[in-house]
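Below is one structure; the comments refer to it alone.
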Amino acid sequence: MRDLVYFAHLLLGMALVALPFVIRSLLEKKSALAKPVSIATAALSWIMLLPSGILYTVFYPATKTVVKAGSWPWAHSIVMETKEHWGLLLPVIVTLAAILVLQNKGKESRKWWLLAAVLALLIGVLGRIVKMGAGA
Amino acid sequence: MKFNAYAGMIASSWLLAAMVVASELAPSFKQALASAFSHHWIGKGVLTALAFVIIGFAFASNAGKIAGKRQEDAAWWSALGSLVVIIAFFVFEFVS
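Chains as they are written, first to last, in my numbering: chain Z, 1483 to 1618; chain H, 13 to 108.
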């Protein structure tokens, strides 16, 4: 169960790093696919909260104990705390970008897609640091 | 259907930052979120999403400036500001 949720979390996270660049490219080419792909990406960003929530509320408490008792307690106190809350703003940012595309404001949406991709990548890096803090 | 995503973004960003700080400084607030939503993180997520939707619709016809800034810029700096406040708060809390 944990592995399944973890891989879903990982795959969706990687998709949220890549898809904004795909959408920026589609907007550049004025492709009709930009709108449906934007909607799908916004949907994925909310779906992502499901594995994130399961991992955080069900499985992370045990990891947290290990991290806080280890040599990198900041990996929880700073890194995980930041990651879990940045993750709540990510779907809002992606949704805003998608709405701009739907409102034919593709040019205005470009920097928001970039922010979404950078934030998704940073969240992934923070997750890796937490794992290292747990001795993984 | 009109929706002001910038207004929603501004509201969500600052509400999330405020809830993060408040829930760490006031354990009773964190407990209240946990009681209402089964976990404080879920509570923050639900309220952040609700703020985006409610404020986005409430200000759907308002394209004016916010604090002297274009809404697009206010939303951008609100999002970045919220992210910075969140990490800065946890760094400060850890080192202090």
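Beta carbons are placed, not taken as given, at the ideal position from N, Cα and C, and that holds for glycine.
In this text, all values refer to a predicted model and were calculated from it rather than measured experimentally.
Around the beta-carbon of residue 1583 (chain Z), 16 or more other beta-carbon atoms lie within 10 Å, marking it buried.
Beta bridge pairing from DSSP links residue 81 (chain H) with H:78. For residue 64 (chain H), the enclosing alpha helix (DSSP H) stretches over residues 52-70. For residue 67 (chain H), not one C-beta of chain Z is nearer than 8 Å to its own C-beta. The beta carbon of residue 1484 (chain Z) sits closer than 7 Å to the beta carbons of 1541 from its chain, once the five residues preceding and following it are set aside; these are given in chain order.
The contact set of residue 98 (chain H) on chain Z, defined by CB atoms closer than 7 Å, consists of 1564, 1567 and 1568 in chain order. Contacts with chain Z at 8 Å (Cβ-Cβ) include residue 21 (chain H). Within chain Z, the residues 1531 and 1570 have their CB atoms less than 7 Å from the CB of residue 57 (chain H), given in chain order. In this structure, the CA atom of residue 20 (chain H) is about 5 Å from the CA atom of residue 67 (chain H). Proximity of the segment 1496-1507 of chain Z to the segment 1582-1599 of chain Z meets the contact definition, three or more beta-carbon pairs being nearer than 8 Å. With respect to chain Z, the C-beta atom of residue 53 (chain H) has a partner C-beta closer than 8 Å. Beyond the five residues adjoining it in sequence on each side, residue 1532 (chain Z) comes within less than 7 Å, by CB distance, of no other residue in the same chain.
When the beta-carbon positions are compared, residue 25 (chain H) and residue 94 (chain H) come within less than 8 Å of each other.
Under the 8 Å Cβ criterion, the segment 50-61 of chain H does not count as touching the segment 80-95 of chain H, having fewer than three qualifying pairs.
Shown here for residue 1538 (chain Z): same chain residues with a beta carbon closer than 8 Å to its own, the five before and five after excluded, namely 1566 in chain order.
The residue among H:23, H:76, H:71 and H:28 with its C-alpha nearest the C-alpha of residue 1563 (chain Z) is H:28. At a C-beta separation below 9 Å, residue 41 (chain H) has no neighbours in chain Z, since its nearest C-beta there lies roughly 15 Å away.
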